[in-house]
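Right, one structure below, let's go through it.
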Amino acid sequence: MKTKLGNFFEDFRLGQVMQHATPRTVSTADAALYTALTGTRFAVNSSDPFAANLGLPRAPLDDFLAFHLVFGKTVPDISLNAVANLGYAAGIFGAPLYPGDTVTARSEIIGLKENSSRQTGTVYVRSRGANQHGETVLDYVRWVMVRKRDPASPAPPTVIPELPAAVAIGDLVIPQGLDAGHYDWTQAGEAWRWGDYAVGERVDHADGITIEEAEHAIATRLYQNTARVHFNQHTEKAGRFGRRLIYGGHVISLARALSFNGLANAFRIAALNGGRHVAPCFAGDTIYAWSEILAKEPVPNRADLGALRIRTIATKDRGCGDFPEKSVEGYDPAVVLDLDYTALIAR
Amino acid sequence: MKTKLGNFFEDFRLGQVMQHATPRTVSTADAALYTALTGTRFAVNSSDPFAANLGLPRAPLDDFLAFHLVFGKTVPDISLNAVANLGYAAGIFGAPLYPGDTVTARSEIIGLKENSSRQTGTVYVRSRGANQHGETVLDYVRWVMVRKRDPASPAPPTVIPELPAAVAIGDLVIPQGLDAGHYDWTQAGEAWRWGDYAVGERVDHADGITIEEAEHAIATRLYQNTARVHFNQHTEKAGRFGRRLIYGGHVISLARALSFNGLANAFRIAALNGGRHVAPCFAGDTIYAWSEILAKEPVPNRADLGALRIRTIATKDRGCGDFPEKSVEGYDPAVVLDLDYTALIAR
Amino acid sequence: MKTKLGNFFEDFRLGQVMQHATPRTVSTADAALYTALTGTRFAVNSSDPFAANLGLPRAPLDDFLAFHLVFGKTVPDISLNAVANLGYAAGIFGAPLYPGDTVTARSEIIGLKENSSRQTGTVYVRSRGANQHGETVLDYVRWVMVRKRDPASPAPPTVIPELPAAVAIGDLVIPQGLDAGHYDWTQAGEAWRWGDYAVGERVDHADGITIEEAEHAIATRLYQNTARVHFNQHTEKAGRFGRRLIYGGHVISLARALSFNGLANAFRIAALNGGRHVAPCFAGDTIYAWSEILAKEPVPNRADLGALRIRTIATKDRGCGDFPEKSVEGYDPAVVLDLDYTALIAR
Chain X
1 MKTKLGNFFE
11 DFRLGQVMQH
21 ATPRTVSTAD
31 AALYTALTGT
41 RFAVNSSDPF
51 AANLGLPRAP
61 LDDFLAFHLV
71 FGKTVPDISL
81 NAVANLGYAA
91 GIFGAPLYPG
101 DTVTARSEII
111 GLKENSSRQT
121 GTVYVRSRGA
131 NQHGETVLDY
141 VRWVMVRKRD
151 PASPAPPTVI
161 PELPAAVAIG
171 DLVIPQGLDA
181 GHYDWTQAGE
191 AWRWGDYAVG
201 ERVDHADGIT
211 IEEAEHAIAT
221 RLYQNTARVH
231 FNQHTEKAGR
241 FGRRLIYGGH
251 VISLARALSF
261 NGLANAFRIA
271 ALNGGRHVAP
281 CFAGDTIYAW
291 SEILAKEPVP
301 NRADLGALRI
311 RTIATKDRGC
321 GDFPEKSVEG
331 YDPAVVLDLD
341 YTALIAR
Chain G
1001 MKTKLGNFFE
1011 DFRLGQVMQH
1021 ATPRTVSTAD
1031 AALYTALTGT
1041 RFAVNSSDPF
1051 AANLGLPRAP
1061 LDDFLAFHLV
1071 FGKTVPDISL
1081 NAVANLGYAA
1091 GIFGAPLYPG
1101 DTVTARSEII
1111 GLKENSSRQT
1121 GTVYVRSRGA
1131 NQHGETVLDY
1141 VRWVMVRKRD
1151 PASPAPPTVI
1161 PELPAAVAIG
1171 DLVIPQGLDA
1181 GHYDWTQAGE
1191 AWRWGDYAVG
1201 ERVDHADGIT
1211 IEEAEHAIAT
1221 RLYQNTARVH
1231 FNQHTEKAGR
1241 FGRRLIYGGH
1251 VISLARALSF
1261 NGLANAFRIA
1271 ALNGGRHVAP
1281 CFAGDTIYAW
1291 SEILAKEPVP
1301 NRADLGALRI
1311 RTIATKDRGC
1321 GDFPEKSVEG
1331 YDPAVVLDLD
1341 YTALIAR
Chain H
2001 MKTKLGNFFE
2011 DFRLGQVMQH
2021 ATPRTVSTAD
2031 AALYTALTGT
2041 RFAVNSSDPF
2051 AANLGLPRAP
2061 LDDFLAFHLV
2071 FGKTVPDISL
2081 NAVANLGYAA
2091 GIFGAPLYPG
2101 DTVTARSEII
2111 GLKENSSRQT
2121 GTVYVRSRGA
2131 NQHGETVLDY
2141 VRWVMVRKRD
2151 PASPAPPTVI
2161 PELPAAVAIG
2171 DLVIPQGLDA
2181 GHYDWTQAGE
2191 AWRWGDYAVG
2201 ERVDHADGIT
2211 IEEAEHAIAT
2221 RLYQNTARVH
2231 FNQHTEKAGR
2241 FGRRLIYGGH
2251 VISLARALSF
2261 NGLANAFRIA
2271 ALNGGRHVAP
2281 CFAGDTIYAW
2291 SEILAKEPVP
2301 NRADLGALRI
2311 RTIATKDRGC
2321 GDFPEKSVEG
2331 YDPAVVLDLD
2341 YTALIAR
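The structure is reproduced here in structure tokens:
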């Protein structure tokens, strides 16, 4: 049969390497569509002169847009039969994607664990996106719960990879040419520098954004992500939720875009330390977000840049003025995303 | 009166030639929007290096995107007062459209036939899209049922053009520079070559995609297609269907995008042999598709390329695992599109 | 607190100057998205060769797209806490925006008047958008009703700027290089020249376009306009209208796009003389428009160009065949926009 129906849990082998399909040349159109779909306002991704003033050749695509493009390519091979995307770790953003670049992706299976139900298993996959020069754009690990085709098929040996709680400061990649020495705070929209943030500080990003069915579907197709749950109302109306599930990455992008209000100068995502899609999102939901500074470190040998480790919590249909989060009873029921990333910020 | 209300059946004359308005310079944005609206994943239209490896200057726009741009230009002059788009024939795709090219369109009336009701007539029109070098991008015939302004106006002599059942292999245009000798099957996403397909073989494309009102309207406006039935809920709610009708070309694009799953290497549409919009589609419908190989021929004097004549059937709200089609009783009630095209595929 | 919650009426000072955030490099993607969201068909904005034939370096972005980009930048500083956008005056379009240009915006407060309720006040603001060469792209005045943070805070001295009823012909800016001597009427789509329009003439633009929630939100985010009323259904459902309000500029764009039918050759907006958003618009509304020629003047020292002062009225859910407008009892209840602008048109 020529049709691909995606891999099931028992199809994966430890150490298996997959080169994913459809190399993608990106353009200013990806940037414009990303702006139009998420409302992002970071100056470095919006303006060529602003980027040039930072030593970059031109405005790079948003870092999470690069993430989605790489993620999307992995879906047909990794997660077409996934039940849930469980977590992320060890994500390092390398060369920024610039209009005209071509991104490709490959993955390696680095862990497998059948679940006790024997209906599903967890697949740990390390994926690497590269540009046309072979430079790494993004290297990250995710783990995903995948259905078994046949519950009776034998379980593979359990291998769970050791993953860092956070990417070490020394492992961050500073984009080539980047020099924040002449950073333009006025054009960036806020005056807060690295030194103005304190560990433990919390920022309510205040605004909310409602997601329409067409919006998340257009975004997710832009990334050539083919996961069925996002697109097929005919089957999903009979599924778990009775409707299409929004790609969790779209919620990440909205939370990041909202975080401009209070974190406008956290202009470069350098690492994705972790992330959990706490609850599903659907069309009609309104996303809010708040952030906490988990850690701050100077970037070694750089006077112009500092790093902030940031936890961003997104909620739906509930403002974040009181910073809803996890307690002993579990997450506040409005929380949909708990994201842990490291951003570069001018000093 | 300065407002154009479109031509009615009695306004057309055999042999009449119309140069259509609004030349359009295309860009990477058209490609990105087309990807975002249809979910297409063909590598040649997604990646400049993949296209360069095929001898093309860069990634061409999707062939059906070129079709829609040419079609859209004809609407204000040809089909603003159309009841239905009845059929296509003799469509030959010439020079691919590349970002930066400018497409224009002209049409000639090649047939007229008043219907027995005297309320409408069928207009046969040959349309040609050209690029800024005067090269033909697309040459095709469609026939369309158009309202009469005045049912009492006299009928023109009936002229029905002779049209081929399919474009002959010798009439296909091979894009300048195209050489599939180094085709990259891994990046394309499937390993199936021309030789792997058999006449009569059927492929279920498996996935389904639900159409939102905003999506088809955005796509159809991108093509500057002005047909009222797609855009005006205020009048359509009192019309035949009580709601906006989806541009049939959008369904063609969705079916073609879905066909990537099983026909990923059918990378170039060379001919549109025929097509019928069997039933109307509306927002909320989920489109599925399957294809049958009607014929296969080597491309003369080419070792790198073969041609497949493909019939693609699209359905709504019904999977295609059992290949629903036409029987003596007529079409399966779920069928919305019956398309016949010829694609080039690497050998 | 690092979060910006926007300025309230008492935060503004006469003469205050603000440089707005997020410089934006525009591209062909902005043009394509604008076409896809509004359905505009003006040849000069669609085709590089058509623009080159007019002496322009390439197709400029639609003038109202430039307007929205400049307007959007002002929102976080000026109108985040606005109740209503009350009017426009003295808008002069300068250098067209071309793909690759970077637009920035700054504003000056030129008038303040507390309202008798003491709950709100009117802020008069002159905003200037500039390109990367420092050339003015757009200079205009708007006045907007803004909430007070504290009704008890003291009123500023009332200053109401003197504003012209219309921009004088001698103040219009003719884009550099523009020469309409070889204007291509066929490609433009209509044959009507400047001399074909008479003062007092009315044109019904005939078509209607229904707005979807996703469409206006995507457009408004493209302009990085952050006004909450357009995006947050969670709060708006408890607000004045129970739902999201459509950015009035989107309605301006739709009315202008519809006006192609009858005013296809009014190819350059030179001035925004005035404008009033008579009634709010919501998703599901169908917009129609008609126009009246208020005045016509030759452009001094130019044989190729004339100016038309045009009033365009937009309605919702009501055709404009009988030219609904204002009477002694007030506006027809279907009217949503009353716009007064000056366009250049070939002679």
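Chains as they are written, first to last, in the working numbering: chain X, 1 to 347; chain G, 1001 to 1347; chain H, 2001 to 2347.
Ideal Cβ placement from N, Cα and C applies to all residues, glycine included.
The structure presented is a predicted model; accordingly, all values stated were derived computationally and were not measured.
The three-state secondary structure of residue 326(X), taken from DSSP, is strand. Close to residue 2231(H), with beta-carbon spacing below 8 Å, are these residues of chain X in chain order: 39, 207, 208, 209 and 210.
Within the stretch 1239-1263 of chain G, the complete alpha helix (DSSP H) runs of at least 4 residues fall at 1248-1258 and 1260-1263.
C-alpha of residue 2282(H) to C-alpha of residue 2215(H): approximately 11 Å in a straight line. Only 1003, 1004, 1005, 1019, 1020, 1021, 1022, 1023, 1024, 1025, 1026, 1027, 1028, 1029, 1030, 1032 and 1033 from the stretch 1003-1033 of chain G bring a Cβ to less than 9 Å from some Cβ of chain H.
Residue environment analysis places residue 2122(H) among the buried positions, since at least 16 neighbouring C-beta atoms fall within 10 angstroms of its C-beta.
Residue-level contact check: residue 224(X) does not touch chain H, since none of the beta carbons of chain H fall below 7 Å from its beta carbon. The stretch 54-138 of chain X is shown to contain whole beta strand (DSSP E) runs of 3 or more residues at 82-93, 102-114 and 120-130, in chain order.
Residue 1213(G) carries a helical assignment under DSSP once its states are collapsed to helix, strand and coil.
Within chain X, 23, 102 and 132 have C-beta atoms less than 7 Å from the C-beta of residue 1049(G), given in sequence order. Residue 2070(H) and residue 2105(H) have their C-alpha atoms some 6 Å from each other. In the DSSP assignment, residue 2030(H) falls within the unbroken alpha helix (DSSP H) covering 2028-2038. The three-state reading of DSSP puts residue 44(X) in helix, counting H, G and I together.
Here residue 2250(H) is buried: its Cβ has 16 or more other Cβ atoms, across all protein chains shown, within 10 Å. Runs of alpha helix (DSSP H) with 4 or more residues, each lying fully within the stretch 1136-1202 of chain G, are found at 1185-1188, listed in chain order. Per DSSP, the beta-bridge partners of residue 2314(H) are 2289(H) and 2337(H). Any Cβ of chain G closer than 7 Å to the Cβ of residue 2261(H) would place that residue at the interface, and such an atom is present.
Taking the Cα positions, residue 2025(H) is about 48 Å away from residue 1321(G). Listed along chain H is no residue with a C-beta nearer than 9 Å to that of residue 1216(G); the closest approach is about 10 Å. Among the residues of the stretch 1170-1204 of chain G, those with a Cβ less than 9 Å away from any Cβ of chain X are 1184, 1186, 1187, 1188, 1189, 1190, 1192, 1196, 1197, 1201, 1203 and 1204, in the order of the chain. Contact between the stretch 159-168 of chain X and the stretch 76-85 of chain X is not established, with fewer than three Cβ pairs separated by less than 8 Å. Counting only Cβ-Cβ distances below 8 Å, residue 46(X) has contacts in chain H at 2022, 2023, 2024, 2025 and 2224, in chain order. Non-local C-beta neighbours of residue 292(X) in its own chain, meaning closer than 6 Å and more than five positions away in sequence, comprise 202 and 311, ordered along the chain. In the structure shown, the three-state DSSP call for residue 1222(G) is helix. Around the beta-carbon of residue 1299(G), 16 or more other beta-carbon atoms lie within 10 Å, marking it buried. Assigned with DSSP and collapsed to three states, residue 277(X) falls in strand. Listed in chain order, the non-local C-beta contacts of residue 1031(G) below 6 Å within the same chain comprise 1061, local neighbours out to five positions each way being set aside. Pairing residue 2248(H) with residue 2241(H), the inter-Cα distance amounts to about 15 Å. Taking 7 Å as the threshold, the shortest C-beta distance from residue 2312(H) to chain G does not fall below it.
Contacts with chain X at 7 Å (Cβ-Cβ) include residue 2213(H). The three-state reading of DSSP puts residue 235(X) in helix, counting H, G and I together.
When secondary structure is reduced to three states using DSSP, residue 304(X) falls in the coil class, being assigned neither helix nor strand.
Of the residues 2022(H), 2132(H) and 2296(H), the one whose Cα lies closest to the Cα of residue 2193(H) is 2296(H). When C-beta distances to chain H are compared with 8 Å, the residues of the stretch 1230-1258 of chain G below that value are 1231, 1232, 1233, 1234, 1235 and 1244, in chain order.
In the three-state DSSP reduction, residue 1017(G) falls in the strand class (E or B).
Rounded to whole angstroms, the gap between the alpha carbons of residue 54(X) and residue 1256(G) is 43 Å.
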